Amino acid sequence: MPQNVILPGPAPWGFRLSGGIDFNQPLIITRITPGSKASTANLCPGDIIVAINGLSTENMTHNDAQERIKAAAHQLSLRIERAE
Ligand code: LEU
């Protein structure tokens with residue numbers, strides 16, 4: 000079941016991404032910086048980002064996703080799917 004995670008701004012959020020439509024892969028969190036906002040919000044490596052600030056990532060390239068995440072100033076809202 001997807002869940003919404005809200006990180007209070009500003010960046011840095013403290014995570015790295017892989018994938019995107021240009022890689023034919025889902026957008027996946029690959030690394031969490033210890034002590035970061037992403038870590039406090041309990042994001043995990045392997046989490047799939049299905050929406051960024053309410054916008055589906057289905058057709059986003061890797062760079063689109065990075066730019067949308069960087070553009071979030073006030074807060075970053077991620078909808079994630081996690082394998083149980
Ligand atoms: N590395 C960035 C940060 O931690 C996120 C990236 C996906 C743009 O703020």
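Residue numbers (numbering that gives the first Met the number 0): 0 to 83. Backbone N, C-alpha and C fix where the C-beta goes; we use that ideal spot for every residue, glycine too. Only a predicted model underlies this, so the values are computations on that prediction, with no experimental measurement involved.
(1) Cβ of A70 within 6 Å of any heavy atom in the ligand LEU?
(2) Can you give me the C-alpha to C-alpha distance between P44 and R67, rounded to a whole angstrom?
(3) Expressed to the nearest angstrom, what Euclidean distance is found between the alpha-carbon atoms of A40 and A64?
(4) Nearest to P86 by CA position, among M59, I47 and N23, is which residue?
(5) Between which two residues does the beta strand (DSSP E) containing A64 stretch?
By the coordinates alone:
(1) no
(2) 20 Å
(3) 19 Å
(4) Residue 86 lies beyond the stretch modelled for the chain, which goes from 0 to 83, so this question has no answer here.
(5) Where A64 is concerned, there is no enclosing beta strand (DSSP E), although the alpha helix (DSSP H) it sits in stretches over H61 to A70.
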